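Asker: Structure in structure tokens, see below.
There are 2 protein chains.
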Amino acid sequence: MVSKPNDVSGDALIAALSALSNPHRLRVIAVLADGRQYVSQLAREMNMSRPLLTVHLRKLEAAGLVNGSLELSEDGKAMKFYELAQFEIVLTPETLAEAAKTLSGGGSDV
Amino acid sequence: MVSKPNDVSGDALIAALSALSNPHRLRVIAVLADGRQYVSQLAREMNMSRPLLTVHLRKLEAAGLVNGSLELSEDGKAMKFYELAQFEIVLTPETLAEAAKTLSGGGSDV
DNA sequence: TTCATGTGTAAACAAAAGCTTTCATGAGGT
DNA sequence: ACCTCATGAAAGCTTTTGTTTACACATGAA
């Protein structure tokens, strides 16, 4: 089969949708759309606690929507930068029905 | 501004994504893609309890993804039919950043 | 050393979602 | 009268998610 825009497993799709269905995480996406940023600075800009932001970033990363990389600044500090992944997910009754077929557990019952 | 494919408020988008990020509800979409159906029959086909299915259908309806209508069968029984709504939601960094701007609470902080 | 910056993670609590069970309704067929 | 099939809704429990507070470590500068 030819690869389509959102050729992901049902489980992966659910992970992505789950990750995106949260105001904080949606705002994170919006801020990262302006460029990559490191955690502490991002936390300041968004006015939220760093541990909380960390959790949200992890969820976004697990869903493959952002990518993190640990880097070192000039003055030797470890900084974790996050940037947006490239993705395009199209949700229609058809694409969703397709995704549902690949859910772990089979087609109709388990 | 011209209406785009997913010209919905950030809150509405989150409701839709939240509704779709569930295996049961994704399967409901898949089954309804084959045609409208009433609750009890749907529950049997999907092998899940009717009260549970009802809750999921409500959530899908609240998100505007399905539509329900109460009808009467030939033998006078009240039957609640659900059918898919037509929708197309495109998720990219850009569309999500747009949606984030319209979240209840403003742009960066509350 | 002390203070600032950056990182990570664990503990504990609050809130929301998911699911089952139970009860109550109404109509038609036997 | 009683059974079947359809609806709706509330109570209660379990699990997951969200959030804060607090702690630990490493670096460079004063």
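Going down the list, the sequences are from chains A and B. Everything in the first sequence is counted per this note's numbering, starting at 1 for the first residue and increasing by one. Everything in the second sequence is counted per this note's numbering, starting at 111 for the first residue and increasing by one. Built from N, CA and C at the ideal position, the CB exists for glycine as well. This structure is a prediction, so every number in the text was calculated from the model and none was measured.
1) What does DSSP give as the partner residues of L194 of chain B in its beta bridges?
2) Tell me whether the beta-carbon of L53 of chain A lies closer than 8 Å to the beta-carbon of L42 of chain A.
3) Return the CA-CA distance between V141 of chain B and S40 of chain A, expressed in angstroms with no decimal places.
4) On the three-state DSSP scale, how would you describe G107 of chain A?
5) Using three-state DSSP, classify E204 of chain B as helix, strand or coil.
6) With DSSP as the reference, please indicate the residues paired to E71 of chain A in a beta bridge.
7) Are the beta-carbon atoms belonging to L20 of chain A and L127 of chain B less than 8 Å from one another?
8) Any Cβ of chain B within less than 8 Å of the Cβ of L17 of chain A?
9) Quick one: is A62 of chain A near chain B, going by C-beta distance under 8 Å?
10) Alpha carbon to alpha carbon, what distance is there between R160 of chain B and A209 of chain B?
11) Since A15 of chain A is in the alpha helix (DSSP H), which residue starts that stretch and which ends it?
12) Going by the beta-carbon positions, is the gap between E74 of chain A and R36 of chain A smaller than 8 Å?
13) If I measure Cβ to Cβ from K77 of chain A and keep anything under 7 Å in the same chain, skipping five residues before and after, which residues do I get?
14) Rounded C-beta distance between T102 of chain A and S9 of chain A? I'm assuming under 8 Å.
15) Alpha carbon to alpha carbon, what distance is there between A33 of chain A and S108 of chain A?
16) Establish whether the CB of K80 of chain A and some CB of chain B are separated by less than 8 Å.
17) Kindly say whether V200 of chain B, judged by its beta-carbon, lies nearer than 8 Å to any beta-carbon of chain A.
18) Measuring CA to CA, which of B:V138, B:A125, B:N132 and B:A122 is closest to L13 of chain A?
19) When you compare the CB positions of V90 of chain A and V200 of chain B, do they come within less than 8 Å of one another, or not?
20) Report yes or no: is there a C-beta of chain A within less than 8 Å of the C-beta of R168 of chain B?
21) Who are the Cβ neighbours of K190 of chain B in its own chain at under 8 Å, not counting the five residues just before and after it?
22) Going by C-alpha distance, which of B:F197, B:Q196, B:H134 and B:S214 is nearest E155 of chain B?
Answerer: Concretely, from the data shown:
1) For the purposes of this step, residue 194 of chain B is taken as the residue at position 84 of the second sequence. B:V176, per the DSSP bridge assignment.
2) By one-based count along the first sequence, residue 53 of chain A stands at place 53. By one-based count along the first sequence, residue 42 of chain A stands at place 42. Yes, these two residues count as a Cβ contact at 8 Å.
3) Indexing the second sequence from 1 puts residue 141 of chain B at position 31. Indexing the first sequence from 1 puts residue 40 of chain A at position 40. Each residue's alpha carbon lies about 45 Å from the other.
4) Residue numbering aside, residue 107 of chain A sits at position 107 when the first sequence is read from its first letter. Bear in mind that the predicted position of G107 of chain A carries a pLDDT of just 46, short of 50, making it unreliable; the figure below should be weighed with that in mind. Coil.
5) Numbered from 1 along the second sequence, position 94 holds the residue referred to as residue 204 of chain B. The answer is helix: DSSP assigns E204 of chain B an H, G or I state.
6) Working through the first sequence from its first residue, we reach residue 71 of chain A at position 71. Per DSSP, the beta bridge partners of E71 of chain A are A:M79.
7) Looking up residue 20 of chain A in the first sequence gives position 20. Looking up residue 127 of chain B in the second sequence gives position 17. Cβ atoms of L20 of chain A and L127 of chain B: closer than 8 Å.
8) On the first sequence, position 17 is the one that residue 17 of chain A refers to. Closer than 8 Å: yes.
9) The residue labelled residue 62 of chain A in the question sits at position 62 within the first sequence. It does not; no Cβ of chain B falls within 8 Å.
10) By one-based count along the second sequence, residue 209 of chain B stands at place 99. By one-based count along the second sequence, residue 160 of chain B stands at place 50. Near 34 Å, if we compare the C-alpha coordinates of R160 of chain B and A209 of chain B.
11) Locating residue 15 of chain A in the first sequence gives position 15, counting from the first residue. Where A15 of chain A is concerned, the enclosing alpha helix (DSSP H) stretches over G10 to L20.
12) Position 74 of the first sequence, counting from 1, holds the residue named residue 74 of chain A. Position 36 of the first sequence, counting from 1, holds the residue named residue 36 of chain A. The answer is no: Cβ separation not under 8 Å.
13) Numbered from 1 along the first sequence, position 77 holds the residue referred to as residue 77 of chain A. There are no such residues.
14) The residue you call residue 102 of chain A lines up with position 102 of the first sequence. The residue you call residue 9 of chain A lines up with position 9 of the first sequence. T102 of chain A to S9 of chain A, Cβ: 5 Å. Contact.
15) Translated into positions along the first sequence, residue 108 of chain A becomes position 108. Translated into positions along the first sequence, residue 33 of chain A becomes position 33. Confidence in S108 of chain A is poor, its pLDDT being 45 and thus under 50, which makes the residue's placement unreliable; the coordinate value appears in the next sentence. One C-alpha to the other measures close to 39 Å.
16) As a first step, residue 80 of chain A must be located in the first sequence, where it is residue number 80. Answer no: the Cβ-Cβ gap between K80 of chain A and chain B never drops below 8 Å.
17) As a first step, residue 200 of chain B is located in the second sequence; it is residue number 90 there, counting from the start. Yes - at least one Cβ of chain A is within 8 Å of the one on V200 of chain B.
18) As a first step, residue 13 of chain A is located in the first sequence; it is residue number 13 there, counting from the start. Answer by Cα proximity: B:N132.
19) Your numbering for residue 90 of chain A matches position 90 in the first sequence. Your numbering for residue 200 of chain B matches position 90 in the second sequence. Their beta carbons are under 8 Å apart, which means V90 of chain A touches V200 of chain B by this criterion.
20) Position 58 of the second sequence, counted from the start, is the residue given in the question as residue 168 of chain B. So no, R168 of chain B is outside the interface.
21) Reading the second sequence from its first residue, position 80 is the one you call residue 190 of chain B. Same-chain partners within the cutoff: Y148, V149, G178, S179, L180 and E181.
22) Counted from its first residue, the second sequence places residue 155 of chain B at position 45. For E155 of chain B, the closest of B:F197, B:Q196, B:H134 and B:S214 by C-alpha to C-alpha distance is B:H134.
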